[in-house]
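Quick note on this note's numbering: the sequence shown kicks off at 5 and runs consecutively.
Here is the structure we will look at, set down as structure tokens.
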Amino acid sequence: MEKKSIHVSYTEFNSIEELKIDEKNLLNKAHQAVGSSYAPYSKFHVGAAVLLEDDTIVLGSNQENAAYPSWLCAERVALFAASAQYPNVAVVAIAITVHSEKSKINEPLPPCGACRQVMTEYEYKGNHNMKIILQGESGNIQIIDRADYLLPLIFNPKYLK
Ligand code: THU
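Okay, structure coming up:
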């Protein structure tokens, strides 16, 4: 028997001013995307901005439904739209933010498990790591260099070959 462990690393920044210009721009776009969120049930408005290898930016926001399981998270709205419109261009980064009507969220918003699975799928599809940039409405920013860092031991397409 051998005990093994997996180490996950990320970088934390105190201010958006510490980010590189393209990271800062993408994060600002994610804040902008919050404006198109349709979240009358949760009142939790999530914005996502996806950066493609050719510098195209695709926005997404969470879209809710009276039939609750029909909701879709902002990250998947943005990633599916990007893959549908630009199927041959790799995703290189995604920024995610949230503005809640219930309380001010001043810490980075970790993406849900299903969105992490989808992010890693597009890393595989584009053969490119996807940088993840997280911030709440304000406050600290976390950057994770690869989506698969957030989902260790992931089920991935190699098992289907
Ligand atoms: N939501 C996202 O858009 N992304 C996440 O990673 C977590 C949750 C949305 C889904 C739903 O509209 C609301 O936030 C509350 O769960």
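Glycine included, each C-beta is placed from N, C-alpha and C at the ideal position.
Reference residue i, options the options, closest by Cα
i      : options                          : result
Asn131 : Ile109, Arg150 and Glu105        : Arg150
Gln89  : Gly39, Tyr45, Asn29 and Leu56    : Leu56
Ile98  : Thr124, Leu76 and Ile109         : Thr124
Ser19  : Glu141, Leu164, Pro44 and Lys129 : Glu141
Leu113 : Leu155, Gly51 and Ala86          : Gly51
Asn69  : Ala34, Glu127 and Pro44          : Pro44
Tyr128 : Ala94, Pro115 and Leu154         : Ala94
His103 : Ser40, Met5 and Ile10            : Ser40
Ala86  : Pro115, Asn29, Val62 and Ser13   : Val62
Asp35  : Glu6, Leu155, Tyr153 and Gly143  : A quick correction: the sequence has His, not Asp, at residue 35. Nearest option by C-alpha distance: Gly143.
Asn110 : Tyr72, Phe17 and Lys8            : Phe17
Cβ-based burial, residue i [other Cβ within 10 Å; buried from 16]
i      : result
Pro91  : exposed
Ile25  : exposed
Tyr42  : exposed
Ser74  : exposed
His11  : exposed
Cys116 : exposed
Glu27  : buried
Lys165 : exposed
Neighbourhood of residue i by C-beta, 6 Å cutoff - its chain only, sequence neighbours within 5 removed
i      : result
Ile147 : Thr15 and Ile137
Asn66  : Ser41, Ala43, Val50, Cys77 and Ala78
Lys108 : Glu141
Lys106 : Lys47
Pro156 : Ile10
Ser13  : none
Cut-off 8 Å between Cβ atoms - residues of its own chain near residue i, not counting five sequence neighbours on either side
i     : result
Arg80 : Gly64, Ala118, Cys119 and Val122
Leu31 : Ile20, Leu23, Ala53, Ala99, Thr101, Ile137, Gln139 and Ile145
Other residues of its chain near residue i: CB distance less than 7 Å, five sequence neighbours each side excluded
i      : result
Ser46  : Glu68
Tyr126 : Leu83, Ser87, Val95 and Met134
Practice prompt. Taking only runs that begin and end inside the segment 45-90, name each unbroken alpha helix (DSSP H) of 4 or more residues, in chain order.
Written response: Counting only runs of at least 4 residues, the segment 45-90 fully encloses the following alpha helix (DSSP H) elements, listed from N- to C-terminal order: 78-89.
Worksheet item: What is the chain-ordered set of residues for which the beta carbon lies under 6 Å from any non-hydrogen atom of the ligand THU?
Response: A residue is listed when its beta-carbon falls short of 6 Å from at least one non-hydrogen atom of the ligand THU; in chain order these are Ala43, Ser46, Phe48, Val50, Asn66, Glu68, Trp75, Cys77, Ala78, Glu79, Pro115, Cys116 and Cys119.
Item to complete: Scan the segment 88-148 and note each continuous beta strand (DSSP E) run of 3 residues or more that stays entirely inside, going in chain order.
Response: Counting whole runs of 3 or more residues, the segment 88-148 contains the beta strand (DSSP E) stretches 95-104, 135-139 and 145-148.
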